[in-house]
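Numbering (the numbering used here), first residue to last: 40 to 536.
So, in structure tokens, the structure goes:
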């Protein structure tokens, strides 16, 4: 039984079958295509005694077709039924489905998309897969070469192991197809988790060498790899973190990420200056990190970076001489980024299930914040507060970001208490001789006690942004008023675990 959408792709397989003397039954356009090759073929209408109806919507949905596929030749009752109705078993089904996925992305109308929901083909695939003990199913163009190889290697026959493997592939095709249709029709009223990604890449290992690692998705939609060794599991986690942060920055910005946390971030009038400022923020942690720019890399930046050890460099473009310089180290990974807004949802495995949430795309601007103190920030401080709030949103909680002149000078990351995060951020700034006087501070969550602002003010912090919402907010505000520190409530918490 042959019913395919892409006629040209099946030609070689049809010729192989003909060479082994296989009798073929086919539908509509496929029947015409095979006939024009000069190969004998029976029209499915001759089998069913019923014409194609409803503009081709119904061709193969008939007991004569499905009975032939689902018949179990080792069961006498099945053979008796087949004899009674004058039917013969089918031992191979070749099909490919209407291109629903391609139609979705083509800008087609709703009616055109609906018409590309395959009914007959998906039924043939599932029926043949169910009866893999006796039927060999070839569920799409991507499997035609495998089918030819199996048939030619076994003189036109198939082994049970071959049939089972193809049945599994058929159910993969079917389930992926159904998931796409569901997601197109769903209006979010069904609270279910359905995801199907058939593009997979085997990684060198997982988070550690003793763990297996895989990436399911299409990296090519996000970046092109221009040189270097294959990306690792950890590389991809850090690349995701770098993208998530930098897409929120419109001015020339350079980001350095280590273990999914930013350790260097700076915005300047030129990407060259941003690069130098980001590296100066924490020159130790940048070792072995992920570097990302939102402007092309020129030869000057390449000269600055070449002698540094880093895993990955990402940018929207590279001047030829810059790329030539950077690619001299064979293992260094150079990626060219594409326009990418980031995922609308985030999910992760937890216990025996999956957590799913919408992406944290909330980021208010200073004019939307509530001024909690008598002291207000000037324009430069507000710019720094916004920059710090962007950064802290992408740090692991409890998180604190210290910023001065649009440069990250200290971070407190992943601390179990917020006061420890503040202390860590100030310590990091001091370790690299950054002056915290008139720097600003952003916190990913509210201050439960005034101790955090007391420490910050004691080190010259002049302005703070935090979500607000603590029952003790007034204590922190009162201290800031006494110390002459400006404090703003953004109204949004940015926990990240």
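Cβ atoms here follow ideal geometry from the backbone N, Cα and C, with glycine treated the same way.
Q | Cα-Cα separation between residue 96 and residue 152, rounded to whole angstroms | A | To locate residue 96, count along the chain shown from 1; it is residue 57. To locate residue 152, count along the chain shown from 1; it is residue 113. It is roughly 14 Å from the alpha-carbon of residue 96 to the alpha-carbon of residue 152.
Q.
Please classify residue 60 as buried or exposed, where buried requires at least 16 neighbouring CB atoms within 10 angstroms.
A. For the purposes of this step, residue 60 is taken as residue 21 along the chain shown, with counting starting at 1. Classified as exposed, residue 60 has fewer than 16 neighbouring CB atoms from the shown chains inside 10 Å of its CB.
**Q.** Secondary structure of residue 40, DSSP reduced to three states
**A.** Within the chain shown, numbered from 1, the residue matching residue 40 stands at position 1. Here residue 40 sits in coil by DSSP.
Q. If you count every other CB in all the chains shown that lies within 10 Å of the CB of residue 216, and 16 or more means buried, which is it?
A. Here residue 216 refers to the residue found at position 177 when the chain shown is read from its first residue. Buried, by the Cβ-count rule.
Q) When DSSP builds the beta bridges, which residues end up paired with residue 396? A) As a first step, residue 396 must be located in the chain shown, where it is residue number 357. Looking at the DSSP assignment, residue 396 forms a beta bridge with 385.
Q. With distances taken between CB atoms, is the gap from residue 302 to residue 321 smaller than 9 Å?
A. In the chain shown, counting from the first residue as 1, residue 302 sits at position 263. In the chain shown, counting from the first residue as 1, residue 321 sits at position 282. Result yes, Cβ atoms of residue 302 and residue 321 sit closer than 9 Å.
Q: Report all residues from its chain with a CB closer than 8 Å to the CB of residue 238; omit the five preceding and five following residues, and keep chain order.
A: For this step, residue 238 is matched to residue 199 along the chain shown. Cβ contact annotation for residue 238 (same chain, cutoff 8 Å, sequence separation greater than five): 255, 256, 257, in chain order.
Q: On the DSSP bridge assignment, give the partners of residue 450 in chain order.
A: Your numbering for residue 450 matches position 411 in the chain shown. Bridge partners of residue 450 according to DSSP: 440.
Q: Compare the Cα-Cα distances from residue 367 to each of 346, 426, 446 and report the closest residue.
A: As a working mapping, residue 367 is identified with position 328 in the chain shown. Shortest Cα-Cα distance from residue 367 to any of 346, 426, 446 involves 346.
Q) Along the chain, where does the alpha helix (DSSP H) that runs through residue 463 open and close? A) Position 424 of the chain shown holds residue 463. Bounds of the alpha helix (DSSP H) holding residue 463 are 457-470.
Q) Taking just the CA atoms, how far does residue 376 sit from residue 267? A) In the chain shown, the residue the question calls residue 267 occupies position 228. In the chain shown, the residue the question calls residue 376 occupies position 337. Annotation: residue 267 to residue 376 spans about 15 Å, alpha carbon to alpha carbon.
Q. With 16 other CB atoms within 10 Å as the buried threshold, where does residue 115 fall?
A. Residue mapping note: residue 115 aligns to position 76 of the chain shown, counting from 1. Label assigned to residue 115: exposed.
Q) Where do the ends of the beta strand (DSSP E) carrying residue 278 lie? A) Taking the chain shown and counting its residues from 1, one reaches residue 278 at position 239. In the DSSP assignment, residue 278 falls outside any beta strand (DSSP E) and lies within the alpha helix (DSSP H) extending over 272-285.
Q) Can residue 508 and residue 528 be called in contact, C-beta distance under 9 Å? A) Here residue 508 refers to the residue found at position 469 when the chain shown is read from its first residue. Here residue 528 refers to the residue found at position 489 when the chain shown is read from its first residue. For residue 508 and residue 528, yes; Cβs fall inside 9 Å.
Q) Hey, how far is the Cα of residue 437 from the Cα of residue 451? A) Position 398 of the chain shown, counting from 1, holds the residue named residue 437. Position 412 of the chain shown, counting from 1, holds the residue named residue 451. Whole-angstrom Cα-Cα distance: 7 Å.
Q. For residue 424 versus residue 481, is the C-beta distance shorter than 9 Å?
A. As a working note, residue 424 is residue 385 in the chain shown. As a working note, residue 481 is residue 442 in the chain shown. Contact flag set, yes.
Q.
Give me the residue from 270, 78, 454, 56 with the minimum Cα distance to residue 197.
A. In the chain shown, residue 197 corresponds to position 158, counting from 1. The option with the nearest alpha carbon to residue 197 is 56.
Q. Is there contact between the region 383-390 and the region 352-361, where contact requires at least three CB pairs shorter than 8 Å?
A. Contact check between the region 383-390 and the region 352-361: fewer than three CB pairs, one atom from each, fall below 8 Å, which does not count as touching.
**Q.** Residue nearest to residue 87 in terms of C-alpha spacing, selected from 263, 103, 80, 78
**A.** Translated into positions along the chain shown, residue 87 becomes position 48. Looking at the Cα atoms, 103 is the closest of the given residues.
Q: Going by CA-CA distance only, name the one from 70, 325, 265, 272 that's closest to residue 293.
A: Counted from its first residue, the chain shown places residue 293 at position 254. For the set 70, 325, 265, 272, the Cα lying nearest the Cα of residue 293 is the one of 325.
Q) Mind checking whether residue 479 and residue 427 have CB atoms under 9 Å apart? A) Along the chain shown, read from residue 1 onward, the residue named residue 479 stands at position 440. Along the chain shown, read from residue 1 onward, the residue named residue 427 stands at position 388. Between residue 479 and residue 427, the gap from beta carbon to beta carbon is short of 9 Å.
**Q.** Backbone CA spacing between residue 210 and residue 400 [nearest angstrom]
**A.** For this step, residue 210 is matched to residue 171 along the chain shown. For this step, residue 400 is matched to residue 361 along the chain shown. Between the alpha carbons of residue 210 and residue 400 lies a gap of roughly 36 Å.
Q: Return the Cβ separation of residue 534 and residue 483 in integer angstroms, given the expectation that the two are a contact with Cβ distance under 8 Å.
A: Position 495 of the chain shown, counting from 1, holds the residue named residue 534. Position 444 of the chain shown, counting from 1, holds the residue named residue 483. About 6 Å separates the Cβ atoms of residue 534 and residue 483, confirming a contact at the 8 Å cut-off.
**Q.** Top-ranked residue by Cα proximity to residue 511, from 76, 176, 419, 487
**A.** Numbered from its first residue, the chain shown carries residue 511 at position 472. Residue 511 has its Cα closest to that of 487, out of 76, 176, 419, 487.
**Q.** Presumed contact (8 Å Cβ cut-off) between residue 130 and residue 175, rounded CB distance
**A.** Start at 1 with the first residue of the chain shown, and residue 130 comes out as number 91. Start at 1 with the first residue of the chain shown, and residue 175 comes out as number 136. Residue 130 to residue 175, Cβ: 7 Å. Contact.
Q: Would you decide whether residue 66 is buried or exposed? Buried here means 16 or more other CB atoms lie within 10 Å of its CB.
A: For the purposes of this step, residue 66 is identified with residue 27 of the chain shown, where counting begins at 1. Per the 10 Å Cβ criterion, buried.
**Q.** Proximity winner among 468, 222, 64, relative to residue 99 (alpha-carbon distances)
**A.** Within the chain shown, numbered from 1, the residue matching residue 99 stands at position 60. Of the listed residues, the one whose Cα sits closest to residue 99 is 64.
Q: Could you say if the region 200-208 and the region 143-162 meet the contact criterion of at least three C-beta pairs nearer than 8 Å?
A: With the cut-off at 8 Å, the region 200-208 and the region 143-162 do not touch.
Q: For the beta strand (DSSP E) holding residue 419, just list the boundary residues, first then last.
A: Counting from 1 along the chain shown, the entry for residue 419 is found at position 380. It is not in any beta strand (DSSP E) - residue 419 instead sits in the alpha helix (DSSP H) that spans 418-431.
Q.
For a quick check, are the C-beta atoms of residue 429 and residue 330 less than 9 Å apart?
A. For the purposes of this step, residue 429 is identified with residue 390 of the chain shown, where counting begins at 1. For the purposes of this step, residue 330 is identified with residue 291 of the chain shown, where counting begins at 1. Contact: no.
Q. Are the beta-carbon atoms belonging to residue 162 and residue 219 less than 9 Å from one another?
A. Here residue 162 is taken as the residue at index 123 of the chain shown, counted from 1. Here residue 219 is taken as the residue at index 180 of the chain shown, counted from 1. Against a cut-off of 9 Å, the Cβ pair of residue 219 and residue 162 comes out as no contact.
Q. Out of 524, 117, 276, which has the shortest C-alpha to C-alpha gap to residue 421?
A. The residue you call residue 421 lines up with position 382 of the chain shown. Comparing Cα positions, the closest option is 524.
Q) Do you know offhand how far residue 281's Cα is from residue 223's? A) Locating residue 281 in the chain shown gives position 242, counting from the first residue. Locating residue 223 in the chain shown gives position 184, counting from the first residue. The alpha-carbon atoms of residue 281 and residue 223 are separated by roughly 30 Å.
Q: Consult DSSP for residue 475 and reduce its assignment to one of helix, strand or coil.
A: On the chain shown, position 436 is the one that residue 475 refers to. Assignment of residue 475 by DSSP, reduced to helix, strand and coil, places it in the coil class.
Q: Using three-state DSSP, classify residue 292 as helix, strand or coil.
A: Counting from 1 along the chain shown, the entry for residue 292 is found at position 253. In this structure, residue 292 counts as strand in the three-state DSSP scheme.
Q.
My assumption, with CB atoms under 8 Å, is that residue 108 sits in contact with residue 80. Please give the rounded CB distance.
A. Mapped onto the chain shown, residue 108 falls at position 69. Mapped onto the chain shown, residue 80 falls at position 41. Contact flag wrong, Cβ pair sits at about 17 Å.
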